[in-house]
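Counting from 19, one number per residue, gives the positions in the sequence shown under the working numbering.
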Amino acid sequence: MNNNLQLISESKNFNGTQHTFEHESITCNCTMRFAVFLPEVSHQSKVPVLFWLSGLTCSEENFIVKSGAQRIAAQLGLALVVPDTSPRNLNLPGEEEHMEIGTGASFYVNATQQPWAPHYRMFDYVTKELVETIDAHLPIDINRKSISGHSMGGHGALMVGLKEPDKYASVSAFSPICSASKSKWGSTALKHYLGPDKEIWRQHDVSALIRKNPCHHEFLIDQGDADPFLEELRPNDLKAACVASGQKLTYRERAGYDHSYFFVSTYIEEHLRFHYVALS
19 MNNNLQLISE
29 SKNFNGTQHT
39 FEHESITCNC
49 TMRFAVFLPE
59 VSHQSKVPVL
69 FWLSGLTCSE
79 ENFIVKSGAQ
89 RIAAQLGLAL
99 VVPDTSPRNL
109 NLPGEEEHME
119 IGTGASFYVN
129 ATQQPWAPHY
139 RMFDYVTKEL
149 VETIDAHLPI
159 DINRKSISGH
169 SMGGHGALMV
179 GLKEPDKYAS
189 VSAFSPICSA
199 SKSKWGSTAL
209 KHYLGPDKEI
219 WRQHDVSALI
229 RKNPCHHEFL
239 IDQGDADPFL
249 EELRPNDLKA
259 ACVASGQKLT
269 YRERAGYDHS
279 YFFVSTYIEE
289 HLRFHYVALS
């Protein structure tokens, strides 16, 4: 590894290793962190990878601490890569004032508006620079990658899958924001990052993208029916878009589950096995 990739922490986990790295991102023009779980088999050969995008207010740490995904990833010989949810500590105006914008709230778009544009280029960071960094430095077969996420990260995973379908073997999400341009969270963020043009917002809205250009993936989505944020997530918009466009979808409504990582940890094994089949 070159000096640009700094190891922050590592711990043995299910005979694999959980790492956290830091590097100077050219895309985001700042220091970025990401977490990587490498299964034991990666000592012998390169392994396939699942990229996980986390939700509002999260960092690279939430998934690796709360999901329990490493146990199954170790069994399957699957790497996990978890980027941070945004740049941090830039002292930008408004960076820390609202949950929906700034720190922990990138919505995984490439911002075009000031003061965000020089740093908040998370779509390119996740799909290009982070992929290239992983490929250059870690025993991961970057040609075998899938993507998933939760909430804002579910929006990000589905958006990435729709915009770059041939680069990912499979796509899934937990409790995704399904119509960012119509939700309060999403519209607030998109207005600040992309400007007032709602047509540009729709180019980053999962349900609108599905209606315009469905992809070959069969999306796997789990949603709890006790989720307190259903009005923000708008899952019915996504289901209607899939019916209208013919987009393949496995949508599972889980009785009694909310929006938390208790929900994610309950069903993460099913998602990992779904991706493993596609990656194999």
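We treat Cβ as the ideally placed atom computed from N, Cα and C, and that holds for glycine.
Cβ-Cβ separation, residue j to residue i (assumed contact under 8 Å), whole Å
i	j	result
F141	G204	The Cβ separation is near 15 Å, so there is no contact.
L156	L56	7 Å
H116	C48	H116 to C48, Cβ: 20 Å. No contact.
Q241	E271	6 Å
V127	Y211	5 Å
Beta bridge counterpart(s) of residue i as assigned by DSSP
i	result
Y269	I239
R51	E40
Q24	E40
V189	I165
F69	V99 and I165
L56	T35
S29	Q36
N128	R139
I82	Answer is none; I82 lacks a bridge partner.
I158	V65
Backbone CA spacing between residue i and residue j [nearest angstrom]
i	j	result
E150	C46	14 Å
I286	F81	10 Å
H37	R51	11 Å
P133	R229	32 Å
L110	A129	14 Å
E58	K181	33 Å
N22	A198	34 Å
G112	G174	22 Å
L297	V178	17 Å
R106	Q131	17 Å
N33	H293	21 Å
K30	K84	16 Å
I158	R139	24 Å
D255	S166	19 Å
W219	E79	29 Å
E114	A135	16 Å
T284	I239	14 Å
T206	A53	28 Å
L290	I44	31 Å
F281	S77	18 Å
G213	A258	27 Å
E28	T35	6 Å
E42	G120	19 Å
A123	I160	26 Å
V261	C196	14 Å
A387	G171	Nothing can be reported for residue 387: it is not among the residues displayed for the chain, which extend from 19 to 298.
E118	K209	11 Å
N231	L108	36 Å
F39	I152	11 Å
H61	V295	22 Å
K146	S164	14 Å
CB of residue i within 8 Å of CB of residue j, strictly
i	j	result
L25	P101	no
E250	K216	no
S72	T103	yes
L74	S169	yes
R252	K200	yes
Decide yes or no for the touch test of the region 238-245 against the region 271-282: beta carbon pairs closer than 8 Å, at least 3 of them. yes
The region 215-224 contacting the region 176-192, beta-carbon criterion three pairs below 8 Å: yes
For the region 180-189 against the region 83-90, do three or more pairs of beta-carbon atoms, one drawn from each stretch, fall closer than 8 Å, so that the two count as touching? no
Can at least three beta-carbon pairs, one atom from the region 254-268 and one from the region 232-239, be found at a separation below 8 Å? yes
Could you say if the region 62-70 and the region 94-108 meet the contact criterion of at least three C-beta pairs nearer than 8 Å? yes
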